[in-house]
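Let me begin by presenting the structure, written as structure tokens, before commenting on it.
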Amino acid sequence: MVVIRDLIIQGAQMLLVLLLAPLFTGFVRKVKARLLRRQGPPLIQPYLDLIRLTRKEVVLAESASWLFRVIPYLVFAATWVAAALVPTFRTGLLFSWSADLIAIIALLGSARFFLALAGLDVGTSFGGIGSSREVMIASLAEPAMIMIVFTLALIAGSTQLSNVAEFMASPQVGLRVSLALALIGLVMVAIAENGRVPVDNPATHLELTMVHEAMVLEYSGRHLALIELSNSLKLLLYVSLLACLFAPWGIEAAGASVPTLALGAAAYVGKLAVGGFLLALFETSIAKMRVFRAPEFLGVALMLGLLATLLRFVSGSF
Amino acid sequence: MTFDAVTGVLVIPAVAAALLAVLPGYRITARLNVAATTLTLICALSLFFVRPAPGVYLLVDDLNGTFIVLTTFVGFTTSVFSLSYIGHELETGRLTPPFVRFYHAMYQVLMFAMNLALVANNIGLMWVAIELATLTTVLMVGIYRTHEALEAAWKYFILGSVGIALALFGTILIYMAARPVIGEGLAAMEWTVLVTRAGAFDPALLNVAFVFLLLGYGTKVGLAPLHAWLPDAHAEGPTPISAVLSGLLLNVALYALLRFKMLLAVNAAALAPGPLMVTLGLLSLVFAAFMLYRRRDIKRLFAYSSIEHMGIIAFAFGMGGPIANFAGLLHMTMHSLTKSAIFFAVGHVAQVKGTQRIADMGGLTETHPVLGWALILGVVAIAGLPPLGIFMSEFLIVTSTFARAPLLAIILVFGILVGVAALFLRLNSIAFGEPRGSSAKAQASYVPLFAHLALVLAAGIYMPPALVAWFQNVAGLLG
Amino acid sequence: MSRIDFDIAHLLAGSLVLISFLELYQDRLYALLNVFAAHALVLAASVAWQAFIQDAPHLYVTAAIALTFKAIVIPVALHRIIVRLGIHREIEKVVGVGAAMLAGMGLVALSMVVMLRVTHGADPLAREDLAFALSVVLLGLLMMVTRRNAVGQVIGFMSLENGLVLAATGARGMPLVVEISVAFSVLIAFIVIGIFLFRIRERFDTVDVQVIDRFRGERR
Amino acid sequence: MTLTIALGCAAALLALAAVGVIIGRSPAATRVVYGASLIIAAVSFIAGLVQLVGAAAPFDLTLPLGVPWLGAHFRLDALSAFFLIVVDLGAMSASLFALGYGEHETAPQRVLPFYAAFLAGMTLVVLADDAYTFLFSWEFMSLTSWALVMSHPRVPENVRAGYVYLVMASFGTLTLLFAFGLLAGPDGLYTFTQMRAAHPSAALGALALILALVGAGSKAGIVPLHVWLPLAHPAAPSHVSALMSGVMTKVAVYGFVRIAFELAGPPAWWWSIVVLAVAGATTVMGVLYALMQHDLKRLLAYHTVENIGIIFIGLGLSLAFNAYGMTFAAALALTAALLHVFNHSLFKSLLFFGAGAVLTTTGERDMEHLGGLIHRMPQTAFVVLVGCAAISALPPLNGFVSEWLTFQAILLSPQLPSWGLKLLVPAVGALLALSAALAAACFVKAYGVTFLGRPRTPAAERATETDRFSLAAMFFLAALCLVVGILPGFFIDALAPVSTALLGARMPPQIGAQWLSIVPIAASRSSYDGLLVFLFITLSGTLAAYAIHRLASDRLRRAPAWDCGYPDLSPATQYTATSFAQPIRRVFGTFVFRAREQVDMPPPGDMRPARLTVQITDPIWDYLYAPLVVGIGVAADRLNRLQFLTIRQFLSLVFSALVILLLVLAIWS
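Protein chains in written order, with the working numbering: chain G, 1 to 318; chain P, 319 to 797; chain Z, 798 to 1017; chain S, 1018 to 1686.
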């Protein structure tokens, strides 16, 4: 009985992230447009795009291989699973123990691995640019992320996301230096991983500065739709990760009743709104940097993470 | 005195020498040569079973038993090898029939001299025998009568004579030391007597004597810095002689040294001979290892490797102790077999390629697979790699030394490593790479070559208990 | 043994060392040969004296060999060679006479120090003789390494060997002395003949060892 | 019993080597030798499996071989059983692969005998129980693999590779000789049993451990002793490269574990500092070197260096925990290391097989001349993709599991009291994370440039799918990679006897955990379930595919590549390995390898093409080995003058020696 209930909740969680993801993307775009004194597209524009794309036929390059066609599904699946494992409105999800924070990062890593391969598959120069830059950024972002995870794990005594979140919600965790460092680092990583300004610009095309868009340049139709969707999912994932780690208020523990769950969901949506607004604000207020500034940017994140971990190693009071 | 095995190993070569000096014709003489060495070998082997009591002049005990069997065996295989080798030299006209006759006679004289040096119970007699061996080898080294050959012979001759002189002085000193204790006459030069009474000898005299003997016989052993004659003599003489020189004559001289070392070991007050031998050994090892790098002549290359290994052996005996002495004996045996095998291979290679220059031979494993792989196997063995016997002796030497004197062991291993690197550097250009030089079919006698290698291989994997007991017994004697 | 015997033996041995110094001093080949003949002569005398005081008749053989072979045959033969090969009469030395002399002094001192450590158990004559013999040997070696041309070296070697014979005869009652001295004479004969061979076979245009070394190894 | 079988297999392999010598040149030889070695390896594999899983008591056996008064001691305990399994698994797959691959061998008589002997050597190393037998088999292994490296001696690089390899191998063996000489003591207690009983002093044990690290490490390829590895491994035939990279380096790890955990006595905390520092450097340097390569096999060889570093990180952590008596953490770290040993042997062999398949059909090892192979050899491309994903530590494959366990071990290390470790371990963790990310980048490059894109040369265009034996071997290994990835619990439990034997502790049993997940310490702390992740991904992936194809369009049209509307350019415009690595080279290479890019731009009107050249210097070779080589050369030249002295000068050498000795006597009293 309990299992079934948990199963339902897990499913609800998965659906929720899937449905919320495009909306969140749309919301960020809208806010950005408003901040730029523009009308901006309607909130539901991403949904419309996705539907349009799925309807269209796929135009596949002659030199594309079977792998090129499989990858979108792989990427989507990996991202979705990762996103589904991040607690949004309730901790202690049924399958939360099946992959801890490190595994979630690794899942995103595999998504990126295959996407980078896709960039090389058709054999065009743009795809190559995209992949090589993507892996360069990832090669710094991932270790930074791991270091941040170390910090959190050492504070909470667990790499299990639900447990970390519960611990964060508990009063025993006060303000800590290492936490602050981890927060900054995580934000920087999140920006880089989602290809937002100042590292990359999701809205550009046909510029040699672009990274992610160049990689998926050859995709079209349903494939492109899936990739767009997984991007939104990834963005949502990071925001909810930040939310459940650094703003764990309102996340219900396991065994909460339905109304409280609704309350938690509401809190979650609220957090998303705040996060999205802040993101948009940040993006509008800063200019994109050169590609080879990105390593320095991420190097800072890595150093922050390492510093935080070191502090934790040296003494538990930091 | 009655004819026993000991007189056998002396008389047979002597008679054979006389016959070969007069008999004409290559076929008969060569066969006779082999026959004589075979008989000698049989006599030597019989020493295992019936061992005559030590006489005034002759003596057979565990120590020289080892050497006699080894000497006669390698002498036998080498004679088989020279059967085909000298035949080829005759065809190519590098040697004329009279010289071949001379060569065979001298070969037997050399055998006689070495056996005499081994079985002699009298330090004077031993000295005479070693001088005789030296003179014969000098003549054989010069046998090709090219500029280089004569020059090598001359160098060998002068340095050898000085060595002999020093050794003689040492011998006299030993007698002087012995006389007050033992009294005048032959008794004061007999091993059997000397060893028993050496404790009472005058230590100062013994020390001076050992210094002279070490340098005198050390010249024959080829320890640096007394080695100068060795590389050229090996390179310029006929290959069978190189094999015998490296495989046997060096051992015989070393045997003499060991005998005298035993004398000093008995005398508590005398200076310990170990450190001297260790120093000279390490010096020779490291020096020879570096000298290997710039060699362009294949036979000179392996001559230097002989110096290197004599250094290792001297080091082992210098360290002393049951394990090190055992290892030293084993290493000496293995080195004789391996090095002569290598020279067999090298001889055929040089004949086929028509040169001794390493630069002119290449890709041997492709042009002459059997010879090539035999050479590789030999070098692998001499480099102390398993599954061949030298690995065991080096294992024992290094491990036993490192526990006692780490610094020495480090120097030792450094030398070994440098030597291995150099050997394989040369081997690569000989055995691998683009084939160079003629690829004509070699009419070679592989039997002695592979017989030796097989023995070395067997020793690396399994040693018969009887042999082991024998070695351990000797190791005990050496103290 | 009586005092006088001892003194005579001592005198002979000592003079042998002295003559070695004289050899070291020479710089002309003929002179060197003559000095060496003297060396051999003294040796013969000393050996004969030993034979007399040890009343060991076989030593007379050695003395005879020394006299005939070393004091007469070899010098004459070398004379011939010098004439035949037209070796110029100067002896090229590596170090000057003075330095050689000093080195010689050092060597004599060294041999004394080494030998006088010997306990007095061995009779004094033997000790003194050994000390002298050792000095003669070392001086001979010194001569070999400081002389550039072969004849000089041969003479050095022979005086070295004289030292050995001196020691051997000094060793009272040592067997095989005769055999050994014979063996050595053979050896020397070989050397001399070797020099001849090189000449006769037109191998080398001089016996200067350095020129022989032109054909040293690795030069192909 | 199992030991007897294993030894019998080794003997059979040696006999097979002899057979190989005899029938080497006959056409049937390949099938005979590889088929036989496949069967023998399988038998010995079963023996090892029985021993390990059955957790039977160790077997001892002494044969009257080797050093006479000692005899050859053999022992099959949990540790050697595990490594026996690794060896035989590699041997089996390599033999299976070679059944097809060996047909292309031009000089089988140079490969077959040594191949069998090589396998025998590796088997004997893990079975040996005394110093002589161990080093004998160890050096025999090196020697046979050297012969295999030399199997195409006309190629100058191979000869050089073989030379460097042999010298480094002898160096390693001699170092181990020291280590054992130290442990055996002056009166030569050579058997491991005696050494275990000896309890060496702390300083002695430390020295032995460092010697073992150098000796075994030079064979395993730890920086800076790795130089031979990227030369020698690619030079050998590919199935041998697989064995050398995937298995022989593991045998070296075995040697280190045997000495460090058993023979060297109780560890001191600072041992782990040494090991961890070396391991961290090895990990990152290995992957950075790999990123600079465009030779496929050399790239793989450098990744072996990296993975050896990861293994040694685990071992170092285990030593540290063990020194402080935290045996459970030690067991976790050790298990992580050993599991990575197993995993790496799987996917590294797989990848080398793939490289071999590519090499046979295209004759190319240089990625810059390949591309688009996925169209011509789809099955090979698929298995190699699995291998790449596994070595890049992507879930749900096996590489991730072992790295995850290593991370878990690192997360336990704040409890270590020592300050040095407190500061070092996080840094090592960062290096590990960095190298994991870089490895993924490197394999995107390797796979993308080799198999994806468009063919860059006619050779790549003419490529064909490889033979069925090779495919069988590769699919076998790929399947194993997946199985270990989704069911790690069984393998972790199988390793329990090893850690129990070495540390007296084991990881908690995993079989009981819910949904076959693995729980290293406690469920509240961390857990991972490869099976579930795998099911999730497949499920959601297929779901998405089904939904879209069903509800939306499934139409598809082939057209020229879009590429921002540029006309279809030649394959030469594709990204190459070098250009792909350019951003990373710019970030890391500039200070590690002093990488410089030089652009030669012709003036306007000049028709010649512009050229961009990249220069990379290998710091370790330049600063460590080159001076050594030069020094030896100088010394050799100096001493060589002694060959050309005159007789008189030689005489003066003798003379001075005499005088010196007499002086010694005069002074000595």
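Note that CB positions come from ideal geometry on N, CA and C, so glycine has one too.
Applying the 10 Å Cβ sphere with the 16-neighbour rule, what's the burial state of residue i?
i, result
"F1135(S)", "buried"
"A845(Z)", "buried"
"A273(G)", "exposed"
"K867(Z)", "buried"
In terms of alpha-carbon separation, which member of the options lies closest to residue i?
i, options, result
"N946(Z)", "A834(Z), M902(Z) and L826(Z)", "L826(Z)"
"T389(P)", "L619(P), G707(P), A527(P) and L567(P)", "L567(P)"
"A574(P)", "G503(P), I441(P) and R369(P)", "I441(P)"
"L53(G)", "L224(G), R34(G) and L245(G)", "L224(G)"
"R1171(S)", "H465(P), V584(P), F750(P) and A769(P)", "F750(P)"
"Y1592(S)", "L279(G), Q39(G), L261(G) and I129(G)", "I129(G)"
"M303(G)", "A144(G), D200(G), G174(G) and M210(G)", "A144(G)"
"L830(Z)", "L809(Z), V910(Z) and G949(Z)", "G949(Z)"
"S400(P)", "H666(P), R577(P) and N643(P)", "H666(P)"
"I659(P)", "A470(P), W509(P), D550(P) and L563(P)", "For the record, residue 659(P) in the displayed sequence is Ala; it is not Ile. Of the candidates A470(P), W509(P), D550(P) and L563(P), the one whose C-alpha sits nearest the C-alpha of A659(P) is L563(P)."
"V446(P)", "P854(Z), L984(Z), A810(Z) and A841(Z)", "L984(Z)"
"L235(G)", "V31(G), F318(G) and L108(G)", "L108(G)"
"A280(G)", "T309(G), K30(G), G11(G) and M14(G)", "K30(G)"
"I482(P)", "V934(Z), P972(Z) and F803(Z)", "V934(Z)"
Flag this pair as yes or no: are the beta carbons of residue i and residue j separated by less than 9 Å?
i, j, result
"S978(Z)", "A968(Z)", "no"
"F27(G)", "G276(G)", "yes"
"T1379(S)", "A1477(S)", "yes"
"L85(G)", "T159(G)", "no"
"A1458(S)", "M147(G)", "no"
"L1206(S)", "V716(P)", "no"
"V122(G)", "F89(G)", "no"
"S757(P)", "T685(P)", "yes"
"P558(P)", "Y403(P)", "yes"
"V942(Z)", "R1665(S)", "yes"
Apart from the five residues just before and just after residue i, which ones in its own chain have a Cβ nearer than 7 Å to its Cβ?
i, result
"F1062(S)", "I1102, D1105, L1106 and M1109"
"L703(P)", "F709"
Going by DSSP, name the residue or residues bridged to residue i.
i, result
"A1576(S)", "A61(G)"
"R1092(S)", "D1077(S)"
"V1631(S)", "E1614(S)"
"E508(P)", "N440(P)"
So, at 6 Å on beta carbons, what are the nonlocal neighbours of residue i in its own chain, with the 5 sequence-adjacent residues on each side left out?
i, result
"Q674(P)", "D615, I616, K617 and A668"
"A315(P)", "Lying before the first or after the last residue shown, residue 315(P) is absent from chain P, which here runs from 319 to 797."
"V1257(S)", "L1165"
Which residues in the same chain as residue i place their Cβ atom closer than 8 Å to its Cβ, once the five residues preceding and following it in sequence are excluded?
i, result
"L1688(S)", "Outside the displayed range of chain S (1018 to 1686) lies residue 1688(S), so it cannot be described from this structure."
"A64(G)", "D121, V122 and E218"
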